[in-house]
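Visitor:
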Amino acid sequence: MSSNSRSPIRSRSFGRVGALLATVALAGSSACTTVKLLPPVPAVAKAPASPELYRTIARLDSAMFVAFNQHDADKLQTYFAEDLEFYHDKGGLSDFRQTMDAFRRLFDQNKTTGLNRQLVPGTLEVFPIDGYGAVETYEHRFCHVENGRDDCGTFKNMMVWRLKDGRWQVTRVVSYDH
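Counted the way mature numbering (1 follows the signal peptide of the UniProt record, and there is no 0) counts, the sequence shown spans residues -27 to -1, 1 to 151.
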């Protein structure tokens, strides 16, 4: 796992924004064009899920990754639904079986490296999905020892949790920014 030291502000973002600003500036320079500015939008996130839903998903996330950190594939798989779709920006799409096989291989390859995951404090967000469950987004950090040194990377993740028959399970994962 390589270190992810990218700045959250990427030059490619400025490229698109810069192009958009240039287009607006050029459009605004014609004699008859008026540009109406919208009022600024406050930098306040939408209201999250109820405190109860937030605590439920945070507890499930924590328990899931206790199993991950203990390299307990059997326990870990109980958190995922059989109809799982796991999207990874580098690895593509995997179903339930492929995902569980990948976890088992990962754990087998990292028996002595201390592979672990930590939630980045302050990044967990939970929003309800009416009649289905919830969506959880966050950043997390994975570390392991390689060549005697910690090798860590911070990545983004989104999981969709389904509540069915009183049981919460993950049905979709999107893992990105690797």
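Idealized CB from N, CA, C, for every residue including glycine.
Going by DSSP in three states, Glu109 sits in which element: helix, strand or coil?
Guide: In the structure shown, Glu109 sits in a strand (DSSP, three-state: E or B).
Visitor: Counting only the same chain and skipping the five closest in sequence on each side, list residues whose C-beta sits under 6 Å from that of Thr96.
Guide: Answer for Thr96: Tyr111, Glu112, listed in chain order.
Visitor: For my contact list, Met73 and Gln43 are in at a C-beta cut-off of 8 Å; report their separation, rounded to the angstrom.
Guide: That belief does not hold up - the Cβ atoms of Met73 and Gln43 are roughly 16 Å apart, past 8 Å.
Visitor: In the DSSP output, what is Asp124 paired with across the bridge?
Guide: Paired residues: His117.
Visitor: Looking only at its own chain, which residues have a Cβ that is under 6 Å from the Cβ of His61, when we skip the five neighbours before and after it?
Guide: These residues qualify, in order along the chain: Ser148.
Visitor: Look up Pro94 in the DSSP assignment and give the residues it is bridged to.
Guide: According to DSSP, which records beta bridges pairwise, Pro94 is partnered with nothing at all.
Visitor: Which one or two residues does DSSP pair with Lys137 in a beta bridge?
Guide: Its beta-bridge partners are Arg140.
Visitor: To the nearest angstrom, how far is the alpha carbon of Arg114 from that of Pro94?
Guide: Taking the straight line from one Cα to the other gives about 10 Å.
Visitor: Do you know how far the Cα of Gln71 is from the Cα of Arg78?
Guide: If I take the Cα positions, the gap works out to 11 Å.
Visitor: List, from N- to C-terminal side, the beta strand (DSSP E) runs of 3 residues or more that fit wholly inside the region 28 to 70.
Guide: Those beta strand (DSSP E) runs which fall completely within the region 28 to 70 and span 3+ residues are 53 to 61, 65 to 68.
Visitor: Compute the Euclidean distance between the alpha carbons of Ser23 and Met131, then round it to the nearest angstrom.
Guide: If I take the Cα positions, the gap works out to 18 Å.
Visitor: Who does Leu101 pair with in a DSSP beta bridge?
Guide: The sequence as given places Pro at residue 101; Leu does not occur at that position. Answer is Ala107, bridged to Pro101.
Visitor: Taking the DSSP output, what are the residues bridged to Lys129?
Guide: For Lys129, which the question treats as bridged, DSSP gives the partners Glu112, Tyr149.
Visitor: Using only CA atoms, which one of Cys125, Val118, Leu57, Arg135 lies nearest to His151?
Guide: Considering only alpha carbons, the answer is Cys125.
Visitor: Beta-carbon within less than 7 Å of Ala46's beta-carbon, same chain only, minus the 5 sequence neighbours each way: which residues are those?
Guide: Closer than 7 Å at Cβ, skipping near neighbours: Met73, Phe76, Arg77, Phe80.
Visitor: CA-CA distance, Gln82 and Leu92?
Guide: Distance between the alpha carbons of Gln82 and Leu92 is about 22 Å.
Visitor: Just checking my contact of Val146 with Phe59 at CB under 8 Å: how many whole Å lie between their CB atoms?
Guide: So it is a contact: roughly 4 Å between Cβ atoms.
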